[in-house]
Every structure is written in structure tokens, then in C-alpha cells.
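To start, the structure under review is shown below, and the notes come after it.
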Amino acid sequence: MNLNEELRGVELHIHLDGAVRADTLYNLALRRNLVGPSRSHEEFRKSLIPTKPYKLANFLEPFKLILLTLAGDKEAIMQVAEECVEDCVLRSKLCYVELRFAPHLLTGPGLDSDAVTRAVLEAVKISSRRYGIQVRLLLCVLRQKPETAEEVLELAIKYRDHGVVGIDVSGDDATWRDYGLSPKIIGVFKEAHKRHIHRTVHAGENSPAEAVLEAVSCLHAERIGHGYSVIQQPEIYEWLRNTPVHFEVCPTSSVMTGGVNLKSTSLHPVVQFAKDNVKYSINTDGPLMTGRWLQEEYQYCLNELGLTARDLEVTKLNAAKAAFLDEEEDHIRLIEHIQSGMGSGRGFSTF
């Protein structure tokens, strides 16, 4: 595995459909008559950024337009994927990224979930070679559509040697309080565990700490997307921080989704994670909505949340260690690459 010596960033939690360029989305939506030509690009861009009161439903609202714009359009999907990889290099300074998406949300006439997956794989292969970045994919099972779970696992198995490294459960985790986890999803994740397909799960963003515990114990989650609520349950938190479980922290989106209310808590959970040496990383989640790529997330953590430059270096190493790379040689290479840049300032271009 070749790694760009000028790039030292690692990102594990970024949604492909949440990282579309605003101008690209505008032009594609215009082509499908989904937006009016009288609306300026700037007005359109601002309409995608969530406003207060912050809650997950508001944060997810732009995805309706995004999916209407991209679904069933192979060329558009490939364009968005190629541009996302470019932005991961130019804006986030990444040497390694795991992009996630739900294949079933991008299907349309003549383009099934398998074809969607192949299109994204093809696009990131082209773009990763062009920009010198290692890209892997995570396929999302939709929490609200458990019937997609089996096919997502089948796709992950089919393309595991072509860049797909794991599966995820995504969607509004607030529904956990009313419905819990679907038995079908639990069964599929148990099978994924048996098949050595890596697993990450969205939990603890708008669901309680018990949802995180269930993700780890029932879904065999190796990583947790978000997980902020764990600090509200000391026993669960203490147990989790002594396991190999890694938390994919998304600082800006955590506030915009209402997962973290900085008015009611003196510190962002990420500060507690850093203090307690919890295994966590910093991620962007959806740069289109937050307006921040990874370098800007780093600045937010430094300037507003109270993390130190050393904390951020540790998070990059944590991310490298938690990457879903099965080839031991590649994994060691990534870890050593990040270690070699620690203390040098490389990878923190905005410092």
C-alpha cells in the first residue's frame, strides 16, 4: 500500500452523500428540475446548512434532495464520488479514508444496489490513483429498512477484495427508544462477524448509552459512530473504555444533530474521551451540511472545544489503528506512516 508522504490525515466516518459539493448538487438538481434556476448558488448552499433548533431531523433534511438528485444516475454518482475523494485530499489532507454510503438509497431504473456499489468502486479507484490517497468503502444498512441488511452483507462479501471493508447501520438512531434493533439486522451482523466482515454502528447520537452497549454486544460492533451518550451512564462508559471499541466522533455534526447540547453540558464528550484515553477519532460526517472538512474540524476542536494539538495527533493514530484493513502489512504501514508524522506538524496544515 502506497501512502503520500505529504498527507497524514485519516478519516473513518464520512458519508459520501453528505460530502457532495454544493455547486455540483445544484447543477445536477437543476438538470432534473429539482431546483429553480432563479435561485443563486449561494442561496442554495446556505439552505443546506441546518439552523437552530438543532436536531437530527433537520440535519438529515438535505439528504432528501441529494438522494432525489443522485438516485439511479450512474454518471452523477461517479462524479460525486470522484470529487469527494479529491476534496478528501485537497481539503482534509487525508492519506486514508473510509467512505460510507447506503447502496439502496442510490438505486433507480437500470441501476440496482450492485451496480451502485460497482460505480462507486470504479470512481474511487480512478480518483484515488489520481490524487494519491487510499480509499476504502463501508456499506450502510438502513435502520428503517432492515430488509436491505442481507443484500448489504452479500455486497460486502462480494466486493471485499475490491475495496469494501465493512458494513454499518445508519439512520435516525432515536428510533431505538421505541423499536430497538431489528432482529434481521442483528442476525446479519452476527453473520458478518462470523464472515470476518468489519462492523461499525451508528449509536449513542440520539439514543441512550444502552443502544451503544447493544451495538457492541449484539451486533459485534468494532467501532461506534458517535456514541456521545455513553458518558451519561458511568458503568457502561467505564466498561466500554476498557474494550477495543473505537468511537468515531464528529464534533460539528454532533452539535448540529442535537446529539450534543453545549448549553447543557460544560464540555463536549470528546474532551472527556481525551481525558480518559478513550479510543476515538475526529471525523466530518457530512461536510456539505457542516461546512467543515477535517482540517476545519481540527481547528474547531482546538479553538472551541478545548482539545490540544497533542490530542489531535493521538486521534489520528487512533484512527489508523482502528482502520478496517485486513492486510496486516498495509495496516502496519498506515500506523507507521501516521507515527512518523507525529510532532512534525504534518497533516495539520491550518495550524
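So for the sequence shown, my numbering puts the first residue at 709; every next one is plus one. In this text, a Cβ means the ideal position worked out from N, Cα and C, and glycines have one as well.
query                                                                                                     : result
Alpha carbon of W1001 to alpha carbon of N991, nearest angstrom                                           : 8 Å
E956 in three-state terms, based on DSSP                                                                  : strand
Range of the contiguous alpha helix (DSSP H) that encloses S925                                           : 917 to 926
E714 versus K801 - alpha carbon distance                                                                  : 8 Å
Segment contact flag, the region 868 to 875 with the region 890 to 908, C-beta cutoff 8 Å, min 3 pairs    : yes
Residue interval of the alpha helix (DSSP H) (run including R1018)                                        : 1017 to 1030
Same chain, Cβ closer than 7 Å to E794, five either side skipped, listed in chain order                   : S835, Y839
Coarse secondary structure for A911, derived from DSSP in three states                                    : strand
CA-to-CA distance, A827 to D869, given in whole angstroms                                                 : 16 Å
Which of helix, strand or coil DSSP assigns to Q980                                                       : helix
First and last residue of the uninterrupted beta strand (DSSP E) at V797                                  : That residue, V797, is in no beta strand (DSSP E); its alpha helix (DSSP H) goes 782 to 798.
From S1048, E956, V978, G967, residue whose alpha carbon lies closest to that of L1010                    : V978
C958 and H934 closer than 8 Å at C-beta                                                                   : yes
Cβ separation of L863 and S821, assumed to be a contact under 8 Å, to the nearest whole Å                 : 6 Å
First and last residue of the uninterrupted alpha helix (DSSP H) at Q1003                                 : 1002 to 1008
Sufficient close CB pairs (3 or more, under 8 Å) joining the region 807 to 815 to the region 770 to 788   : yes
Secondary structure of R931, DSSP reduced to three states                                                 : strand
I939 beta carbon less than 8 Å from that of F955                                                          : no
Sufficient close CB pairs (3 or more, under 8 Å) joining the region 1008 to 1027 to the region 742 to 752 : no
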